[in-house]
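Read through the structure below, which is laid out as C-alpha cells, and then see the notes.
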Amino acid sequence: MSLERINVTRSSMPSYEEYCEEIKDLWESRWLSNAGIKHKTFEAQLQEYLGVPYLTLFANGHVGLEVAIDAFKLEGEVITTPYTHCSTTHSIVRNGLTPVFCDVNDKDYTIDAAQIEKYITDKTCAIVATHVYGGVCDVKAIDEIAKKYNLKVIYDAAHAFGVTVDGKGVAAYGDASMFSCHATKVFHTIEGGITAFKDKDILDKTNKLINFGFIGPEEVAYVSTNARMNEYEAAMGICNLRHIDSEIARRKAAYDRYVQRLSGVPGIKLIAPQEGVKHNYSYFPVFFDGYKYDRDQVQALLAEGNIFARKYFYPLTSELACYKEQYGASVANTPVAKKAAECVLTLPMYADLTVEDVDRICDIILK
Ligand SMILES: *Cc1c(COP(=O)(O)O)cnc(C)c1O
90 MSLERINVTR SSMPSYEEYC EEIKDLWESR WLSNAGIKHK TFEAQLQEYL GVPYLTLFAN
150 GHVGLEVAID AFKLEGEVIT TPYTHCSTTH SIVRNGLTPV FCDVNDKDYT IDAAQIEKYI
210 TDKTCAIVAT HVYGGVCDVK AIDEIAKKYN LKVIYDAAHA FGVTVDGKGV AAYGDASMFS
270 CHATKVFHTI EGGITAFKDK DILDKTNKLI NFGFIGPEEV AYVSTNARMN EYEAAMGICN
330 LRHIDSEIAR RKAAYDRYVQ RLSGVPGIKL IAPQEGVKHN YSYFPVFFDG YKYDRDQVQA
390 LLAEGNIFAR KYFYPLTSEL ACYKEQYGAS VANTPVAKKA AECVLTLPMY ADLTVEDVDR
450 ICDIILK
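Numbering (the working numbering), first residue to last: 90 to 456.
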C-alpha cells in the first residue's frame with residue numbers, strides 16, 4: 090500500500106525555531122521546573138484564554154483530575170459514566186471513592202442529566218462527568234442538581250480545550266474542570282494538564298498537593314504526589330497557544346468535509362452541533378448502526394487503506410478487566426453507553442488533515 094499512513098491523530102507543532110527561541114532562556118536561568126518563568130507566563134495566558142481566574146498546571150491530564158478530586162476531600166459515592174477514558178474512573182477509584190455509573194444520552198453521549206437524581210443516595214458526594222468529544226454536558230441541569238443536593242461537580246474536560254458555552258469558557262461550569270494537554274489532544278504541552286477551579290481555597294490546596302504536600306520549606310501536611318508541569322512543557326504550551334485558533338479553524342475544515350460526505354447516509358449517525366456551543370472539532374466520531382458494514386468492518390477496511398481509526402470509547406470503563414468484577418453488573422443500567430461503545434469509530438481528525446485525506450477516508454467508508 091503506497092498511500093501515506095493516516096493515524097487517528099497527529100500532534101500540532103510550532104516551528105522548530107519558535108520552540109528553540111522559547112526555551113533559550115532556560116539555558117541561562119537553569120530553572121527547569123517548580124513554577125519557573127515559563128510556567129508563570131503560561132498560567133497567566135491560560136487564565137485569559139480559558140476565561141478562568143484559578144487554575145493549576147499538571148504533569149498530565151490524569152493527575153490533574155486525580156489530584157483535583159483529592160483536594161475536595163470527598164467521601165462516598167460519585168455519579169459518573171462508563172463512556173469515557175479509563176482515567177475518569179481511575180481518578181475516582183484511586184481517591185477511595187465509589188463510582189456509580191449513570192447512562193449517557195443518545196444525542197451527544199455525555200451524562201444523561203435526567204437520570205442523575207435516581208442514583209443520589211445519602212452517600213453521594215459528587216458528580217464527575219466527561220465533556221465527550223468536546224461536546225458539552227448539560228451543565229445547567231447538572232448545576233441545578235448539584236445545588237439541590239449539595240454535591241461537587243468535577244468535569245473531565247480533557248476533550249474540551251477552547252470550547253465555549255453561550256460565549257463563556259466551558260470551565261465556568263462546575264467546581265473544577267480538567268483539560269488534558271497530551272500530545273494527541275487539540276491543544277498540547279507534550280504531556281500536561283490544566284485544572285480550573287471555582288474556589289480559591291481548592292486551588293491553594295491543589296497547589297500543595299502537586300508538590301508532595303509541602304506547605305513550607307520543611308513542612309509536609311498532606312500525603313501526596315509530584316504532579317508538576319516542567320518548564321519545557323510550559324514553553325511548548327506558550328508556543329502552541331499562539332496558534333490554537335488557527336489550528337481549530339483548520340480542524341473545522343476537515344470536520345465540515347466529513348459532515349458533508351457522511352451526513353444523511355442511512356445507518357451512519359453523526360453527532361449534531363449543540364446550540365450555543367463553540368466547538369473545538371477535537372474528534373470525529375461516527376456511529377455505525379444498521380450500515381452495510383459494522384464498526385469493526387469499517388475499521389478493518391480503513392486499515393487496509395493505511396488509515397487508522399480508533400474506538401473512543403470502547404470498552405466501557407465498567408467492563409475493563411480492573412472494574413468488570415465489581416462494576417460489570419452496572420452495564421444493565423447503561424444501555425445507551427453500551428450501544429455507543431459497540432457502534433463508534435472515531436475517524437482521523439487533526440489540523441493537518443486535508444480535505445483530500447477526508448475524501449480518501451470517506452471513499453472507503455462509502456464504497
Ligand atoms: C486523554 C484523556 C485523559 C487523560 O489525559 P492525559 O493527559 O493523557 O493524562 C482523561 N480523560 C479523557 C476523556 C481523555 O481523553
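Virtual Cβ for every residue (Gly too), placed ideally from N, Cα, C.
This structure is a prediction, so every number in the text was calculated from the model and none was measured.
Cα-Cα separation, residue i to residue j
{"i": "GLY394", "j": "LYS456", "result": "12 Å"}
{"i": "LEU330", "j": "ALA418", "result": "43 Å"}
{"i": "TYR401", "j": "TYR311", "result": "35 Å"}
{"i": "VAL97", "j": "ILE291", "result": "36 Å"}
{"i": "ALA260", "j": "GLU93", "result": "38 Å"}
{"i": "TYR105", "j": "ASP441", "result": "17 Å"}
{"i": "ILE181", "j": "ASP195", "result": "24 Å"}
{"i": "TYR143", "j": "LEU154", "result": "15 Å"}
{"i": "LYS236", "j": "ALA203", "result": "15 Å"}
{"i": "GLU164", "j": "VAL420", "result": "24 Å"}
{"i": "LEU240", "j": "PRO362", "result": "29 Å"}
{"i": "ILE293", "j": "CYS270", "result": "Here residue 293 turns out to be Asp, not Ile, going by the sequence shown. Distance between the alpha carbons of ASP293 and CYS270 is about 21 Å."}
{"i": "ASP288", "j": "GLU431", "result": "39 Å"}
{"i": "HIS151", "j": "ILE450", "result": "31 Å"}
{"i": "ALA249", "j": "ALA323", "result": "19 Å"}
{"i": "GLN415", "j": "SER407", "result": "8 Å"}
{"i": "SER266", "j": "THR177", "result": "12 Å"}
{"i": "LEU405", "j": "ASN149", "result": "22 Å"}
Endpoints, beta strand (DSSP E) assigned at residue i
{"i": "SER176", "result": "Run containing SER176: none in the beta strand (DSSP E); it sits in the alpha helix (DSSP H), 175–182."}
{"i": "TYR311", "result": "Taken as a continuous stretch (DSSP letters only), TYR311 belongs to no beta strand (DSSP E), as it is neither H nor E."}
{"i": "LEU434", "result": "433–436"}
{"i": "LEU144", "result": "143–147"}
{"i": "LYS241", "result": "241–245"}
{"i": "GLU166", "result": "166–169"}
{"i": "LEU218", "result": "Inspection of the sequence shows that residue 218 is occupied by Ala rather than by Leu. It spans 213–219 - the beta strand (DSSP E) in which ALA218 sits, taken as one unbroken run."}
For residue i, the first and last residue of its enclosing alpha helix (DSSP H)
{"i": "LEU390", "result": "384–393"}
{"i": "MET267", "result": "MET267 -> not in any alpha helix (DSSP H); beta strand (DSSP E) instead, spanning 265–269."}
{"i": "THR130", "result": "126–139"}
{"i": "THR295", "result": "289–298"}
{"i": "THR113", "result": "Per the sequence shown, the amino acid found at residue 113 is Lys instead of Thr. Here the alpha helix (DSSP H) through LYS113 covers 105–118."}
{"i": "CYS473", "result": "This structure does not reach residue 473, given that the chain is present from 90 up to 456, and the question cannot be answered."}
{"i": "TYR416", "result": "413–416"}
{"i": "LEU154", "result": "150–160"}
{"i": "GLY326", "result": "320–351"}
Nearest-angstrom beta carbon gap, residue j and residue i [assumed within contact, 8 Å]
{"i": "VAL189", "j": "GLU166", "result": "5 Å"}
{"i": "THR219", "j": "ASP201", "result": "Going by Cβ atoms, the distance from THR219 to ASP201 rounds to 13 Å, so no, they are not a contact pair."}
{"i": "PHE377", "j": "ILE95", "result": "Not confirmed; about 19 Å, so no contact."}
{"i": "TYR321", "j": "ILE112", "result": "6 Å"}
{"i": "ALA247", "j": "PHE276", "result": "Between PHE276 and ALA247 the Cβ distance is about 11 Å, and since that is not below 8 Å, they are no contact."}
{"i": "PHE301", "j": "THR284", "result": "At roughly 18 Å, the Cβ-Cβ gap does not stay under 8 Å, so PHE301 and THR284 are not in contact."}
{"i": "VAL433", "j": "TYR403", "result": "7 Å"}
{"i": "TYR328", "j": "TYR108", "result": "Sequence inspection shows Cys at residue 328; the Tyr mentioned does not correspond to that position. Contact flag correct, Cβ pair sits at about 5 Å."}
{"i": "THR199", "j": "GLY224", "result": "6 Å"}
{"i": "ILE168", "j": "ILE216", "result": "5 Å"}
{"i": "TYR347", "j": "LEU436", "result": "7 Å"}
Closest residue to residue i among the options (Cα-Cα distance)
{"i": "GLY256", "options": "LEU139, GLU206, GLY353", "result": "LEU139"}
{"i": "TYR380", "options": "ILE112, GLY356, ALA389", "result": "GLY356"}
{"i": "SER335", "options": "GLY251, ILE283, ARG119", "result": "GLY251"}
{"i": "LYS367", "options": "GLU107, TYR222, CYS109", "result": "TYR222"}
{"i": "LYS229", "options": "VAL254, PRO437, ASP211", "result": "VAL254"}
{"i": "TYR344", "options": "ILE168, GLU445, TYR416", "result": "GLU445"}
{"i": "LYS129", "options": "ASN319, GLU414, ARG350, TYR412", "result": "ASN319"}
{"i": "PHE131", "options": "ASN300, ALA429, SER266, GLY281", "result": "GLY281"}
{"i": "ASP462", "options": "PRO404, LYS427, LYS428, LEU391", "result": "Only positions 90 to 456 of the chain appear in this structure, which leaves residue 462 out of reach."}
{"i": "GLY263", "options": "PHE286, VAL375, TYR372", "result": "PHE286"}
{"i": "LYS212", "options": "TYR238, TYR198, PRO171", "result": "TYR238"}
{"i": "ARG399", "options": "GLY353, LEU409, GLN386, GLU408", "result": "GLN386"}
{"i": "SER101", "options": "GLU307, ILE304, VAL425, ALA272", "result": "ALA272"}
{"i": "LYS297", "options": "GLN136, SER118, LEU146", "result": "LEU146"}
{"i": "GLN349", "options": "PHE373, GLY326, GLY185, ASN369", "result": "PHE373"}
{"i": "LYS162", "options": "LEU359, SER176, ASN184", "result": "ASN184"}
{"i": "GLU137", "options": "VAL242, GLY258, LYS127, ILE234", "result": "GLY258"}
{"i": "LYS207", "options": "ILE234, ARG99, ASP197", "result": "ILE234"}
{"i": "ALA338", "options": "TYR439, ILE209, LEU135", "result": "TYR439"}
{"i": "CYS175", "options": "ASN149, SER122, LEU409, CYS214", "result": "LEU409"}
Near ligand 1: residue i beta-carbon under 8 Å from a heavy atom
{"i": "ASP245", "result": "yes"}
{"i": "LYS127", "result": "no"}
{"i": "ASN149", "result": "yes"}
{"i": "CYS270", "result": "yes"}
{"i": "MET267", "result": "yes"}
{"i": "LYS274", "result": "yes"}
{"i": "LEU154", "result": "yes"}
{"i": "THR173", "result": "yes"}
{"i": "GLU280", "result": "yes"}
{"i": "SER176", "result": "yes"}
{"i": "HIS368", "result": "no"}
{"i": "THR219", "result": "yes"}
{"i": "HIS248", "result": "yes"}
Test: residue i CB closer than 9 Å to a CB of chain D
{"i": "THR284", "result": "Structure shown: chain D not included; a single protein chain is present."}
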